[in-house]
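Structure first, commentary second.
2 protein chains.
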Amino acid sequence: MNKKKVTFNDIAKYTNFSKTTISRYFNNPDSLTLENQEIIAQALIDLDYQENKLAKVLANGKSEFIGIIIPNLYLHYYAEMLNQLLSTYEKFGYKFLVFTGTGHEETERKYIQELLAYKIEGMIILSHTIPSRELASYNIPIVAIEREDQYINSVNTDNYMGAVQATSLLIKSGCQVLVHINSDVPEKVPSYKRILGFKDICQEQGILHELVLRDLGSSYDKSRKILLEIFNYIKDKYPGMKKGLFMANDTHANIMLNIIFNEYGTLPDDFCIVGFDDSPIASEAVIPISTVGQQIDKIAYEAAELLVKQMDERKKRRPEPQKELVHKNITPVLIRRQTTF
Amino acid sequence: MNKKKVTFNDIAKYTNFSKTTISRYFNNPDSLTLENQEIIAQALIDLDYQENKLAKVLANGKSEFIGIIIPNLYLHYYAEMLNQLLSTYEKFGYKFLVFTGTGHEETERKYIQELLAYKIEGMIILSHTIPSRELASYNIPIVAIEREDQYINSVNTDNYMGAVQATSLLIKSGCQVLVHINSDVPEKVPSYKRILGFKDICQEQGILHELVLRDLGSSYDKSRKILLEIFNYIKDKYPGMKKGLFMANDTHANIMLNIIFNEYGTLPDDFCIVGFDDSPIASEAVIPISTVGQQIDKIAYEAAELLVKQMDERKKRRPEPQKELVHKNITPVLIRRQTTF
DNA sequence: TTGTACGCGTTATCAC
DNA sequence: GTGATAACGCGTACAA
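Here's what the structure looks like:
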């Protein structure tokens, strides 16, 4: 019952080989005769051998662990990103040690220490809490996703392009005034470029536009309250004009749509809405919402690949330190649904 | 730059203690004089020591790893469950090694092997793929969440009670005919009890009711198509009656609500809807949906606690094997919003 | 209170 | 092709 684990030693005795040969069977089987390979294979079955990767790691230093610190899994964006990151296991074979961020620097530092204690080979970070300057100092391969990334590698959505796509769609839909509603994003955060893109295109096209930048709350009810104010403000300020609303994300887009629906019982012709992310909520809204789709699968894959490259480099005899930071941009895709024309 | 890691040996030399004393500093500091504790503490800083938990595990066998196999993170229910499971780290200190299930037995078996190779101390399983009979044979502490659990411990929502709450609410809301719309859940799955609970209460109260059990599709569009058929069927079959719809989950409840909204521009008085799960979609729908809230945080916590108990037991000198399986039920909470009265 | 010696299960370095 | 033997970094009797 309480099988004490069988080790290379047991297999060696059972087969009259040495531990070394057993090890070779796993790491370099071709160096054994086919015959002997089969003998060992049979022994593994007879003894019901269970490999121990921890011992392996201690001996060769390759943990095959990647650490992840992600803010939460409440937002679909993060959940799906983690989903896609985890699924890169099939491709790269790395296992993931996951912590959800707390927003407290000290706690997240503790997490990082824990990750380092388990000898992670690299780290993917989505949490915003710890400055990239500090992260870089840990001297371990790191890739950031959609966060401040001044001193570390990163993979992000091409936020500027996304804003351009959304804004252009609203213009094509015949909107006469464009409003971008967002929180007051810091300039260093990648998504700040959405604001830039919106402004640039509006100015380029010479279209009337307005930026509404304020804290939009962190719960549905709060956001709804604030967005209701904004809705009334816009409605009153631009009467009779066709209004195009570029929302910061699909959650807000959905709230705005619900507000309008509860006001009019439908989406009137003089309102257009575009969201961001292509979350399920966008397609599951009372009317499917046009949105800018982040290619989460691609972002995750690129992040993993970028990280793997660095980790592989480290395993070489004479690793070349990275010359310069890599910041990859993944182009988003515009998804036209029923809130635009 | 490429600091070769400092070990207990280095610290020992630096402080003129032995490795053992250094080890004791970490595991039983009280056995050292305060003075010496401080000497070592300073040495750790001077040398920038980085603990190696893998070596520790190899030596004492306690990996502090829990393995998780979860179907996906696309559904909010799973994402939030993982979120809550991960957050038990603060309480119990166990780290999580996470795999997302594929639905393929062979692949998930491979995952389990990988987890075992990393010497996980226990496992939490949400994936449905591998029968509990087989899981039990791995002879490692296991807790299942909301899946077939005949041969293993589990923590589930009290699905029967949830159905009772939902059904009762519809009756109280004055509905004259009740319809439960669900997929054809196998009897061994915990959520089958929702169907039971619905039937029992309806019969007990002698109210007209109907069960619509069929595959509801796996995408929004497919589900919507099927639910539209069902909606039309119900509308035609029970004209003039106040209809109470008990949906299998909030996603379906939201789709049904959208169908009704697109038909009538509002939710007419002769339709009531209750969902299940308390997903964000329920509160973010065009009209906030009444639902049965699964207490995901509690389920996750109870699961972790149950697992920790078993793992602790194993660490005792003479571990007592578990006498009988534990199946915990967590009572759901009824959330009344605007789709019922 | 502190130290010695060995074990944990695997890989790496030499030999043969 | 195969085998000793020494790492890897830490825990733990057992001794002192």
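Protein sequences appear in the order of chains H and X. The numbering used here puts the first residue of the first sequence at 1091, with every later residue one more than the last. The numbering used here puts the first residue of the second sequence at 1091, with every later residue one more than the last. Cβ atoms here follow ideal geometry from the backbone N, Cα and C, with glycine treated the same way. Small disclaimer: the values here were computed from a predicted structure and weren't measured.
- Residue pairing by DSSP places residue 1265(X) opposite no residue, since no beta bridge is assigned to it.
- Listed by position along chain H, the residues whose Cβ is nearer than 8 Å to that of residue 1190(X) are 1173, 1176 and 1177.
- Proximity of chain H to residue 1356(X) at the Cβ level (cut-off 8 Å) is accounted for by 1355, in chain order.
- When Cβ pairs closer than 8 Å are counted between the two stretches, the region 1247 to 1257 of chain H is seen to touch the region 1412 to 1428 of chain H, the count reaching three or more.
- When Cβ pairs closer than 8 Å are counted between the two stretches, the region 1389 to 1398 of chain X is seen not to touch the region 1346 to 1356 of chain X, the count staying below three.
- With a cutoff of 8 Å on beta-carbon distance, residue 1105(H) and residue 1130(H) are scored as near each other.
- Ranked by Cα distance from residue 1155(H), the options 1174(H), 1188(H), 1415(H) and 1260(H) are led by 1188(H).
- The region 1265 to 1352 of chain H is shown to contain whole alpha helix (DSSP H) runs of 4 or more residues at 1282 to 1295 and 1310 to 1327, in chain order.
- The C-alpha of residue 1126(X) lies about 16 Å from the C-alpha of residue 1137(X).
- The beta carbons of residue 1340(X) and residue 1367(X) sit closer together than 8 Å.
- Residues of the same chain with a CB within less than 7 Å of the CB of residue 1320(X), apart from the 5 flanking positions on each side, are 1271 and 1302 in chain order.
- In this structure, the beta-carbon distance from residue 1280(H) to residue 1216(H) does not fall below 8 Å.
- About 6 Å separates the CB atoms of residue 1374(X) and residue 1310(H); that is less than 8 Å, so the two are in contact.
- For the 8 Å CB-CB criterion, residue 1283(X) and residue 1238(X) do not form a contact.
- At a beta-carbon threshold of 7 Å, the residues of chain H lying near residue 1209(X) are 1142 and 1144, ordered along the chain.
- Between the region 1113 to 1122 of chain X and the region 1166 to 1185 of chain X there are fewer than three inter-stretch CB-CB distances shorter than 8 Å, so the stretches are not counted as touching.
- Taking one beta carbon from each stretch, the region 1145 to 1159 of chain H and the region 1207 to 1224 of chain H have 3 or more pairs nearer than 8 Å; the two touch.
- Taking a cut-off of 8 Å for Cβ pairs, the region 1406 to 1417 of chain H and the region 1225 to 1245 of chain H touch, as three or more such pairs fall below it.
- Residues of chain X with a Cβ closer than 7 Å to the Cβ of residue 1150(H) do not exist; the shortest Cβ-Cβ separation is about 11 Å.
- Using a Cβ-Cβ cut-off of 8 Å, residue 1398(X) is close to nothing in chain H; its nearest Cβ partner there is about 18 Å away.
- For residue 1222(H), the uninterrupted alpha helix (DSSP H) run begins and ends at 1222 to 1227, by DSSP.
- Counting only residues of its own chain and dropping the five nearest sequence neighbours on each side, residue 1100(X) has a CB closer than 7 Å to the CB of 1137.
- Residue 1380(X) carries a strand assignment under DSSP once its states are collapsed to helix, strand and coil.
- Of 1247(H), 1327(H) and 1336(H), the smallest CA-CA separation from residue 1289(H) is found for 1336(H).
- DSSP places residue 1177(X) inside the alpha helix (DSSP H), whose first and last residues are 1166 to 1177.
- In this chain, residue 1234(X) is not harboured by any alpha helix (DSSP H); it is covered by the beta strand (DSSP E) spanning 1232 to 1235.
- Here DSSP, grouped into helix, strand and coil, assigns residue 1210(H) to coil.
- With a contact defined as Cβ atoms closer than 8 Å, residue 1431(H) and residue 1263(H) qualify at about 4 Å.
- Straight across, the Cα-Cα distance linking residue 1378(X) with residue 1142(H) is about 51 Å.
- Scanning its chain for C-beta atoms nearer than 8 Å, with the 5 sequence neighbours on each side dropped, one finds around residue 1112(H) the residues 1098, 1101, 1102, 1105 and 1130, in chain order.
- Close CB contacts of residue 1167(X) within its chain, under the 6 Å cut and outside five residues either way in sequence, are with 1367 (chain order).
- In this chain, residue 1098(H) is not harboured by any beta strand (DSSP E); it is covered by the alpha helix (DSSP H) spanning 1098 to 1105.
- Cβ contact annotation for residue 1396(H) (same chain, cutoff 8 Å, sequence separation greater than five): 1233, 1243, 1245, 1416 and 1418, in chain order.
- Residue pairing by DSSP leaves residue 1146(X) without any beta bridge partner.
- Just so you know, the alpha carbons of residue 1139(X) and residue 1133(X) end up roughly 8 Å apart.
- Of the residues assessed, residue 1354(H) falls on the exposed side of the cut-off, its CB having fewer than 16 other CB atoms within 10 angstroms.
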